[in-house]
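In the working numbering, the protein residues as written are 41 to 108.
What follows is a short report on a single structure.
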Amino acid sequence: MKLYPQEATRETKHCYRYCYQCSLIKPDRSHHCSSCGFCVVKYDHHCPWINKCVSFNNYKYFMLYLIY
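Structure representation (structure tokens):
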């Protein structure tokens with residue numbers, strides 16, 4: 041028995057997620073940023089200091105920015 045019922049439905053039905061703001065099919069682990077206005081893969085948060093979304097492409101650089 042699965043702990044989360046939505047996991048069982050996603051595995052068997054291969055449903056797609058749709059972003060109504062962008063009018064696009066979203067890949068897994070992507071979310072729409074209301075500040076930027078587009079979908080971001082592996083979205084973490086929107087940072088007001090750099091005015092960008094922290095995501096898959098720039099997460100490493102953001103962490104280095106915080107350290108230094």
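All C-beta atoms in this analysis are idealised placements derived from N, C-alpha and C, irrespective of residue type, glycine included.
Own chain, CB closer than 8 Å to residue i, minus 5 neighbours either side, in chain order
i	result
H71	C79, V80 and Y83
N98	K92
Rounded Cβ spacing between residue i and residue j (contact assumed at less than 8 Å)
i	j	result
K66	Y58	7 Å
Residue range of the beta strand (DSSP E) that includes residue i
i	result
K100	Counting along the chain, K100 falls outside any beta strand (DSSP E), though it belongs to the alpha helix (DSSP H) covering Y99 to I107.
C93	K92 to V94
Three-state secondary structure assigned by DSSP to residue i
i	result
C76	coil
Y83	coil
R69	coil
Y56	coil
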